[in-house]
Each structure stands twice: as structure tokens, then as C-alpha cells.
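In the working numbering, the protein residues as written are -13 to 46. Cβ coordinates follow ideal geometry from the N, Cα and C atoms, glycine included. Right, one structure below, let's go through it.
Encoded structure:
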């Protein structure tokens, strides 16, 4: 059972300045897809086909 119904009365997150700056000024890139592989690295792709290849390669 929850103590409060609906949204909590206080903040649920407190992002740091670096996170706020990154959200306000994102890096320009052509990547449309990304995933975190089983190797704990990020793998990016510009096409869906490349993303599918990354899924097969890194999510075994």
C-alpha cells in the first residue's frame, strides 16, 4: 500500500548540472538508435538495419 495517492509530494529526481546542460544543449549527431550491449558499452546506429545488426551482435 502506498503512503500517498498519485504523484509524490516532493521531487522524485534531482539531476546534476551536467545532466541539465546536456539536455538543454544536446550533442549534434546522426544516430537514431542506440543500445547498451552485454559488454556494458553503448552501440549507436544511423539506420534500423544497423540497429538490428547491433542487436544480434551485442545482445546475445
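Pick from the options that is closest to residue i, judged by C-alpha positions
| i | options | result |
| --- | --- | --- |
| residue 10 | 17, 18 and 1 | 1 |
| residue 15 | -4, -13, 32 and 46 | 32 |
| residue 46 | 23, 3 and -13 | 23 |
C-alpha distance - residue i paired with residue j, whole-angstrom precision
| i | j | result |
| --- | --- | --- |
| residue 8 | residue 18 | 17 Å |
| residue 43 | residue 6 | 33 Å |
| residue 38 | residue 25 | 17 Å |
| residue 28 | residue -2 | 26 Å |
| residue -11 | residue 13 | 40 Å |
Cβ shell of residue i (< 7 Å), same chain only, five flanking positions each side left out
| i | result |
| --- | --- |
| residue 40 | 21, 29 and 31 |
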